[in-house]
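Here's the structure we're looking at; comments come further down.
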Amino acid sequence: RKRIGVLTSGGDAPGMNAAVRSVVRSGINQNCDVYAINEGYSGLIKGGDMIHKMSWDDVRGYLSIGGTLIGTARCMEFRERAGRLQACYNMIERGIDALIVIGGDGSLTGADTFRDEWPGLIKELLDTKRIDEKQYKAHQHLNISGMVGSIDNDMAMTDHTIGAYSSLSRICTNISWVSATAESHSRAFVVEVMGRHCGWLALMASIACRADYVFLPEMPPTANEWVGKMQSVIERHRKGGRRSTLVVVAEGAIDSELNRISPEMVKDALVEIGLDTRVTTLGHVQRGGSPVAFDRLLATLQGAEAVRCVLESTPETPSEIIGIRLNKIIRVPLQESVAATKRVAEAISKKDFQLARSLRDSDFNE
Ligand code: F6P
Numbered sequence: 198r199k200r201i202g203v204l205t206s207g208g209d210a211p212g213m214n215a216a217v218r219s220v221v222r223s224g225i226n227q228n229c230d231v232y233a234i235n236e237g238y239s240g241l242i243k244g245g246d247m248i249h250k251m252s253w254d255d256v257r258g259y260l261s262i263g264g265t266l267i268g269t270a271r272c273m274e275f276r277e278r279a280g281r282l283q284a285c286y287n288m289i290e291r292g293i294d295a296l297i298v299i300g301g302d303g304s305l306t307g308a309d310t311f312r313d314e315w316p317g318l319i320k321e322l323l324d325t326k327r328i329d330e331k332q333y334k335a336h337q338h339l340n341i342s343g344m345v346g347s348i349d350n351d352m353a354m355t356d357h358t359i360g361a362y363s364s365l366s367r368i369c370t371n372i373s374w375v376s377a378t379a380e381s382h383s384r385a386f387v388v389e390v391m392g393r394h395c396g397w398l399a400l401m402a403s404i405a406c407r408a409d410y411v412f413l414p415e416m417p418p419t420a421n422e423w424v425g426k427m428q429s430v431i432e433r434h435r436k437g438g439r440r441s442t443l444v445v446v447a448e449g450a451i452d453s454e455l456n457r458i459s460p461e462m463v464k465d466a467l468v469e470i471g472l473d474t475r476v477t478t479l480g481h482v483q484r485g486g487s488p489v490a491f492d493r494l495l496a497t498l499q500g501a502e503a504v505r506c507v508l509e510s511t512p513e514t515p516s517e518i519i520g521i522r523l524n525k526i527i528r529v530p531l532q533e534s535v536a537a538t539k540r541v542a543e544a545i546s547k548k549d550f551q552l553a554r555s556l557r558d559s560d561f562n563e
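The structure is reproduced here in structure tokens:
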């Protein structure tokens with residue numbers, strides 16, 4: 198029987214539990230033993246109780262629960278070869294030779310490095326007599342596959358990451374609450390949203406909540422000019438009849454000289470034009486709560502495909518992640534996806550940004 202390990206790594210995202218549930222149950226359906234690894238790569242390095250076999254019933258209720266019940270971590274030790282050597286040993290000791298990782302691009306790249314190094318790691322374990330010849334022969338190759346679990350929607354070659362729509366929905370709900378009080382007092386609100394270096398959440402929220410202005414990492418406005426430009430757009434909106442003002446700032450927003458544009462700087466600029474202004478940083482509420490239906494479906498479909506993927510992979514197949522494109526679940530070579538993420542981020546956002554502008558007012562961020 199094939200033994201598959203599953204772990205969640207990096208920042209949690211709504212839908213990760215649904216993905217774990219799908220891997221466990223699809224694995225069992227395919228006659229595999231599935232092991233949950235607690236606390237991401239840290240659990241893989243610690244071994245012992247952190248790696249435990251999952252039954253069908255163990256994942257009952259997982260589908261709709263937010264966060265990740267098997268725990269996650271941002272693990273520094275796994276970045277070192279010594280950490281990966283110990284992880285390799287713990288897997289072989291349990292007879293696990295396939296790994297499904299649910300996490301962001303850093304976590305998935307870590308899995309790819311692990312797989313590349315695997316032949317050298319098992320050789321070292323054999324030479325140092327930590328494993329025997331039989332174990333060595335039985336674990337010649339590590340099969341991996343990944344699912345992108347991240348609220349940031351920051352991976353190329355897949356349309357959506359697990360958790361992004363739940364987070365967007367939470368942001369929109371919170372902004373609508375803020376909007377009620379903003380309208381009441383005729384105030385301006387500057388709302389900072391997560392996304393690390395990616396503006397997807399900020400841009401989509403600005404469209405869905407009809408923001409007056411948005412600042413994104415991918416489209417840095419000219420330093421020294423953005424204040425005046427934003428002020429003139431917002432003054433025009435006010436003259437046109439708006440009683441409240443909403444500016445969305447991505448947490449990674451920068452200007453053309455790579456200086457951070459902070460919510461406080463935006464607030465100061467709004468105060469200058471006479472607006473009573475408050476700043477709301479949504480923070481980790483954006484990651485909490487039950488996954489929306491889309492994330493449950495995405496995670497469930499991708500979990501089943503991730504199991505098929507590790508069962509079919511050979512030493513020759515490149516490491517793959519499971520994506521979705523044009524509503525079809527697909528497999529994407531991991532390294533290509535990571536490289537494309539770095540290359541195309543700007544182009545993707547520009548297109549969406551133009552759409553946002555055409556649907557809002559003609560002067561949405563001039
Ligand atoms: O990657 C997900 C994310 O929520 C980012 O949007 C944010 O920048 C970061 O994680 C926050 O990390 P932490 O939970 O470690 O504060």
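At position 62 of the sequence shown (counting the first as 1) the number is 259 in full-length UniProt numbering, and the numbers step up by one without a gap. All residues carry an ideal CB built from backbone N, CA and C; glycine is no exception.
How long is the line joining the alpha carbons of residue i and residue j, rounded to whole angstroms?
i, j, result
"residue 529", "residue 506", "11 Å"
"residue 435", "residue 386", "14 Å"
"residue 401", "residue 235", "33 Å"
"residue 285", "residue 344", "21 Å"
"residue 500", "residue 374", "35 Å"
"residue 448", "residue 419", "18 Å"
"residue 446", "residue 411", "6 Å"
"residue 321", "residue 351", "36 Å"
"residue 226", "residue 485", "30 Å"
"residue 526", "residue 534", "15 Å"
"residue 396", "residue 325", "48 Å"
"residue 451", "residue 338", "44 Å"
"residue 443", "residue 488", "26 Å"
"residue 512", "residue 340", "8 Å"
"residue 376", "residue 496", "32 Å"
"residue 222", "residue 491", "19 Å"
"residue 381", "residue 458", "28 Å"
"residue 250", "residue 536", "35 Å"
"residue 651", "residue 463", "Since the first residue shown for the chain is 198 and the last is 563, residue 651 is missing from the structure and cannot be characterised."
"residue 516", "residue 353", "16 Å"
"residue 211", "residue 359", "7 Å"
"residue 415", "residue 538", "12 Å"
Following the continuous beta strand (DSSP E) through residue i, name the residue where it begins and the one where it ends.
i, result
"residue 230", "230-234"
"residue 446", "442-447"
"residue 300", "295-300"
"residue 411", "410-412"
"residue 203", "200-205"
Cβ of residue i within 8 Å of any heavy atom in the ligand GDP?
i, result
"residue 348", "Ligands displayed in this structure: the ligand F6P; the ligand GDP is not among them."
At what residues does the alpha helix (DSSP H) containing residue i begin and finish?
i, result
"residue 344", "Run containing residue 344: none in the alpha helix (DSSP H); it sits in the beta strand (DSSP E), 340-345."
"residue 404", "397-405"
"residue 495", "490-509"
"residue 439", "From DSSP, residue 439 is part of no alpha helix (DSSP H); its letter is neither H nor E."
"residue 337", "Careful: residue 337 lies outside any alpha helix (DSSP H) and carries neither H nor E."
"residue 266", "From DSSP, residue 266 is part of no alpha helix (DSSP H); its letter is neither H nor E."
"residue 215", "213-226"
"residue 289", "278-291"
State yes or no: is the C-beta of residue i within less than 9 Å of the C-beta of residue j?
i, j, result
"residue 281", "residue 318", "yes"
"residue 349", "residue 392", "yes"
"residue 207", "residue 268", "no"
"residue 299", "residue 233", "no"
"residue 476", "residue 388", "yes"
"residue 256", "residue 218", "yes"
"residue 293", "residue 202", "yes"
"residue 532", "residue 309", "yes"
"residue 371", "residue 204", "no"
"residue 237", "residue 248", "no"
In the DSSP output, which residue or residues are listed as bridge partners for residue i?
i, result
"residue 249", "233"
"residue 387", "444, 476"
"residue 517", "342, 530"
"residue 457", "451"
"residue 359", "346"
For a cutoff of 9 Å on Cβ pairs, would you count residue i as touching chain D?
i, result
"residue 524", "In the structure shown, chain D does not exist; there is a single protein chain."
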